[in-house]
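Chemist:
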Amino acid sequence: MERVLVTGGAGFVGSSFVRHVAAHTDAAVTVLDKLTPAASPESLAGLPEDRVRLVVGDVADPAVVDPLVGEADAVVHLAAESHNDNALEDPAPFVNTNLVGTFTLLEAVRRHGVRLHHVSTDEVYGDLDLDDPARFTEESALRPSSPYSASKAGADHLVRAWVRSFGLRATISVSSNNYGPWQHVEKFVPRQITEVLEGRRPRVYGDGRHVRDWIHTEDHSAAVLAILERGRIGETYVVGADGERSNLEVAQAILRLAGRDPADVEHVADRPGHDRRYALDAAKLRTELGWEPGYHDFEMALADTMHWYADHADWWRPRKAAVEAAYAARGQ
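In UniProt numbering, the protein residues as written are 1 to 332.
1. Taking 8 Å as the threshold (C-beta atoms), are LEU54 and ARG19 in contact?
2. Note down the Cα distance separating ASP73 from ILE172, rounded to an integer number of angstroms.
3. On the premise that ALA153 lies in contact with VAL124, defined as a C-beta separation below 8 Å, what is that separation, rounded to the nearest angstrom?
4. With DSSP collapsed to three states, give me the class of SER82.
5. On a Cα-Cα basis, can you pick out the residue from PRO262, GLY290 and LEU257 that is closest to PRO307?
6. Can you give me the C-alpha to C-alpha distance between residue 352 and ARG277, rounded to a whole angstrom?
7. Evaluate contact between the stretch 259–271 and the stretch 118–135, counting only Cβ atoms and requiring at least three cross-stretch pairs below 8 Å.
8. When every heavy atom of the ligand ADP is checked, does at least one fall within less than 7 Å of the C-beta of ARG143?
9. Using the C-alpha atoms, what's the distance from GLY113 back to ALA63?
10. Taking the straight line between their C-alpha atoms, what separation do you get for TRP316 and GLU42?
11. Beta carbon of LYS284, beta carbon of GLU107: below 8 Å?
12. Give the straight-line distance between the Cα atoms of ASP213 and VAL13, rounded to the nearest whole angstrom.
13. In this structure, does DSSP put residue 390 in helix, strand or coil?
14. For PHE136, count the other beta carbons within 10 Å of its own beta carbon; 16 or more makes it buried, fewer makes it exposed. Which is it?
15. Mind checking which residues open and close the beta strand (DSSP E) that includes LEU32?
16. What is the C-beta distance between ALA251 and PRO202, in whole angstroms, given that I count them as a contact (C-beta under 8 Å)?
17. How would you write the range of the beta strand (DSSP E) that ASN178 sits in, first residue to last?
18. Once the 5 residues before and after LEU99 are set aside, which same chain residues still bring their CB inside 7 Å of it?
19. If you follow the alpha helix (DSSP H) that ARG160 is part of, which residue opens it and which one closes it?
20. Quick one: Cα of VAL174 to Cα of LEU197, how far?
21. What's the C-alpha gap between VAL185 and VAL239?
22. What are the residues that DSSP puts in a beta bridge with PRO237?
23. Would you check if the distance between the CB atom of ALA170 and the CB atom of LEU116 is smaller than 8 Å?
24. What's the call for HIS24, buried or exposed, on a 16-neighbour Cβ count within 10 Å?
25. Is it buried or exposed, PHE298, if we count other Cβ atoms within 10 angstroms and call 16 or more buried?
26. By alpha-carbon positions, which one of ALA279, GLU324 and ARG330 ends up nearest to ALA134?
27. Can you list, in chain order, the residues of its chain whose CB lies under 7 Å from that of LEU130, leaving out five sequence neighbours each side?
28. What does the alpha-carbon distance come out to for the pair HIS77 and GLY234?
29. Check the DSSP bridge columns for VAL56 and list the partner residues they point to.
30. In the DSSP assignment, what residue or residues form a beta bridge with ALA74?
31. Where in the stretch 230–294 do unbroken runs of the alpha helix (DSSP H), each at least 4 residues long, occur, reported from the N-terminal end onward?
32. Decide if ASP219 is buried, meaning its Cβ has at least 16 other Cβ atoms within 10 Å, or exposed.
33. Beta-carbon within less than 8 Å of VAL265's beta-carbon, same chain only, minus the 5 sequence neighbours each way: which residues are those?
34. Kindly indicate which three-state DSSP category THR137 falls into: helix, strand or coil?
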């Protein structure tokens, strides 16, 4: 694979994957990104210009997508609207990008016979009870419970249908919650970090006991590259790092790392339909492809992430006021 097209490659997870590919392969990368507020061209700065180029455009626009797919040996599809709170305010962009965009890309991939990897989310499975010992696997039923997760589940169904009906050379990965540098401040971890950096209390929805399976974005990127290179066509791979922690525990860890009282947390109005627990079993990925997470100490990696945000206030602070105003309007 000498030429890789990455949709959404200026976003948080997408830019991490582009940097990983640039560091670990000789491939040339074309990034297709609409540059919504969640994207950040700065995240691609410093990468070799002869190997990484940015094309600004919409993944739902066939006139943009088709020629880029035609140039590529492989496509990694990361473009997505992904913030649940925004989906509750207006689901339309999620349907357009996540469903129409995926359909547009699939048709271009079908025309050109290009290898595709589609990146999904554990939210397509719905949620688990807090006291349920089970974890989601590749065989778990899709039971999405939000406009965002429903649009991603629909995209997953489209990919599987195109594999079976048209013989597409495609794989799917289902990832747990990512954290790390360059994540937009509307997301949970950077929001709490930046609240603490500005001397305020971190905020959690409801009782804060909602559990997520946290993975560092660099580990996720390594998993996606392994699947792209060695994954079995038509297969789905769950990507998780055994990082189950409640939102309250994460907020308390941020406070501890900042030298503050871990109990100094503000509880705010819960999100409608808020899933209680996600947990993933990545045994298939580990045994078939030999992938293992490199970030085993969550608090150490969280501390590194906090240092990154402290050092890049000029990047996130201009975005912060609008994010907090939107949350305040919702009482959160």
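For every residue, glycine included, the Cβ atom is placed at its ideal position computed from N, Cα and C.
In this text the structure is predicted, and so the values were computed from the model without any measurement.
Modeler: The relevant details are as follows:
1. no
2. 17 Å
3. 4 Å
4. coil
5. Checking the sequence, you will find His at residue 307 rather than Pro. Comparing Cα-Cα distances from HIS307 to each of PRO262, GLY290 and LEU257, the minimum goes to LEU257.
6. As displayed, the chain neither begins before 1 nor continues past 332, which places residue 352 out of reach and without an answer.
7. no
8. Ligands displayed in this structure: none; no statement on the ligand ADP is therefore possible.
9. 17 Å
10. 11 Å
11. no
12. 16 Å
13. Because the chain in this structure spans residues 1 to 332, residue 390 falls outside the shown range and cannot be described.
14. buried
15. 28–33
16. 4 Å
17. 177–179
18. SER151, GLY154 and ALA155
19. 147–166
20. 32 Å
21. 23 Å
22. It should be noted that the sequence gives Tyr, not Pro, for residue 237. Looking at the DSSP assignment, TYR237 forms a beta bridge with SER173.
23. yes
24. exposed
25. buried
26. ALA279
27. ARG209, VAL211, ARG276 and ARG277
28. 15 Å
29. ASP33
30. VAL4 and ARG115
31. 247–257 and 283–289
32. buried
33. ARG201, PRO202, ARG203, VAL204, GLY208, LEU248, ALA251, GLN252 and LEU255
34. coil
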